[in-house]
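Trainee: First the structure, then my questions, so here it is.
In this note's numbering, the protein residues as written are 130 to 210.
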């Protein structure tokens, strides 16, 4: 969902020949409170292990980069939240 909106905004900025600063988000919270699950839901793809207990053990930085799909590219599986 968020990734699709980002791509639309970036495409519009390119058409208008206007610089586009990507939005930034910082998620902070206690262990096992669902921070990674929240980001995965917003991005609409799973980048982390799913299960009980602590799964993400270090800070993660994600950068969204718009690229056209290449022929034969292997798509990310869509998450189910």
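Beta carbons are placed, not taken as given, at the ideal position from N, Cα and C, and that holds for glycine.
If you run the structure through DSSP and keep just helix, strand and coil, what is residue 133?
Mentor: helix
Trainee: Kindly indicate which three-state DSSP category residue 153 falls into: helix, strand or coil?
Mentor: coil
Trainee: State the Cα-Cα distance for the pair residue 161 and residue 167, rounded to the nearest angstrom.
Mentor: Their backbone Cα atoms lie some 11 angstroms apart in a straight line.
Trainee: What residue range does the alpha helix (DSSP H) around residue 146 cover?
Mentor: No alpha helix (DSSP H) holds residue 146; DSSP gives it neither H nor E.
Trainee: What's the C-alpha gap between residue 155 and residue 138?
Mentor: 20 angstroms
Trainee: Over the uninterrupted alpha helix (DSSP H) stretch that includes residue 164, give me the two end residues.
Mentor: 164-172
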